[in-house]
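A short worksheet on the structure shown next.
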């Protein structure tokens, strides 16, 4: 849930990167962290296992500039993608303002994508959210790989509601900032529309 | 949150900081957003601390659910120099007190109890207000052009 702090003049929003394990959620955040100027970012925190798999979440606070004298601060979170960390994923969705679904374009990950998307819908519903009413973007990651499925097939399976979508290669940064900008804009527009905070 | 209640909550944090001889006091939303702070916060990465504390409280809440317990309302972490006392406020926010040898766990607990009661009343006040009126939100003043401007490189 967005929070407006009138004393520090800040608008704070929470974005969550969701998707199947090894799909590139953490890589998205790492690329954003590496390419953002030091004054615009806080420390990136990764609660990961010894083998660098996300255990609880990654967290990156970002400032995107000012609107009417208020700093806009976005708190970026990733969830652990592995199926058995479902309890953790639910916790991270609490208070979410916008969701990015990072799909793995590889043919053999299609089932994992579908399962993760269904899991997202279910976990949001448990927290009282409806994915169709939340600011939501789909990112097709790993487009550079030779075994990537055709875009039309991914669209049909993973984006039936036709929300804004981006092709990406998170390791080189293609599509990463485009995705971030789109979700941030969508969240601010939704907040303005709702007028609450 | 309304600016008036936000000010009152900040002043409860300041009083708690003073009365408990704490190093610092932070109030955090359950989703990890910092709400108010008091004391020696200059050298602390408040944003990271808030996010991790909220994660910690959420995980502990998850454990309590599995055990069919009510929320564990407080936690204490003992460090070599700095100790951390974490309390849930009215199920809505997290109160964090950082303290050292200038204070004690007993004193912190005592003062926290009083502060959480006051904060609980303020949160109820906010909820009542929110049900009947809309806050003077900056969001109402934002235009599409303001948003577009933010994303022009």
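Chains as they are written, first to last, in the numbering used here: chain F, 237 to 433; chain R, 10 to 162. We treat Cβ as the ideally placed atom computed from N, Cα and C, and that holds for glycine. All figures in this text were calculated on a predicted structure; none of them were measured in a lab.
Asked	Found
What did DSSP end up calling residue 31/R once you bin it into helix, strand or coil?	coil
Considering only DSSP beta bridges, list what residue 309/F is partnered with.	248/F and 299/F
Any beta carbon from chain F within less than 9 Å of residue 71/R's own beta carbon?	yes
Strictly below 7 Å CB to CB, what residues from chain R border residue 293/F?	64
Which value, in whole angstroms, describes the spacing of the CA atoms of residue 420/F and residue 128/R?	32 Å
When you compare each of 147/R, 74/R and 39/R to residue 61/R by their alpha carbons, which one comes out closest?	39/R
Would you call the segment 15-26 of chain R and the segment 117-136 of chain R in contact, with 3 or more CB pairs under 8 Å?	yes
Between 360/F, 382/F, 393/F and 422/F, which lies nearest to residue 405/F when the distance is taken from Cα to Cα?	382/F
Establish whether the CB of residue 308/F and some CB of chain R are separated by less than 9 Å.	yes
CA-CA distance, residue 409/F and residue 379/F?	12 Å
Can a CB atom of chain F be found closer than 9 Å to the CB of residue 19/R?	yes
Using 8 Å as the cut-off, can you tell me whether the segment 277-291 of chain F makes contact with the segment 355-367 of chain F, which would need three or more C-beta pairs spanning the two stretches below that distance?	no
For the segment 313-327 of chain F against the segment 151-161 of chain R, do three or more pairs of beta-carbon atoms, one drawn from each stretch, fall closer than 8 Å, so that the two count as touching?	no
Can you pull out the residues from the segment 241-260 of chain F whose beta carbon lies closer than 8 Å to at least one beta carbon of chain R?	241, 242, 243, 247, 248 and 250
Distance, Cα to Cα, residue 412/F vs residue 424/F?	19 Å
Could you check where the beta strand (DSSP E) with residue 335/F kicks off and where it finishes?	334-340
Do you know offhand how far residue 85/R's Cα is from residue 149/R's?	41 Å
Would you please verify whether the beta carbon of residue 78/R is less than 9 Å from any beta carbon of chain F?	no
Please list the partners that residue 316/F has in chain R, where partner means a Cβ-to-Cβ separation under 7 Å.	The contacting residues do not exist; residue 316/F stays about 12 Å from chain R at best.
When you compare only the Cα positions, how much space is there between residue 349/F and residue 356/F?	10 Å
State yes or no: is the beta carbon of residue 82/R nearer than 9 Å to at least one beta carbon in chain F?	no
So, is the C-beta of residue 283/F closer than 9 Å to a C-beta in chain R?	yes
Could you name the residues of chain R that residue 323/F contacts, counting a contact when the two beta carbons are closer than 7 Å?	71
Classify residue 385/F: buried if its beta carbon has 16 or more other beta carbons within 10 angstroms, exposed otherwise.	buried
So, is residue 287/F buried or exposed, given that buried needs 16 or more other C-beta atoms within 10 angstroms?	exposed
Confirm, please, whether the CB-CB distance from residue 241/F to residue 15/R is below 9 Å.	yes
With DSSP collapsed to three states, give me the class of residue 132/R.	helix
Mind checking the segment 334-352 of chain F against chain R and listing, in chain order, the residues whose C-beta falls within less than 7 Å of any C-beta there?	none
Cα separation between residue 428/F and residue 151/R?	6 Å
Quick one: what does DSSP say residue 375/F is sitting in, helix, strand or coil?	strand
The alpha helix (DSSP H) spanning residue 268/F covers which residue range?	261-271
Run through DSSP, which three-state label would residue 427/F get?	helix
Under three-state DSSP, which class holds residue 42/R?	coil
Is there at least one Cβ from chain F nearer than 9 Å to residue 97/R's Cβ?	no
Using CA coordinates, which residue listed in 71/R, 125/R and 58/R is at the minimum distance from residue 328/F?	71/R
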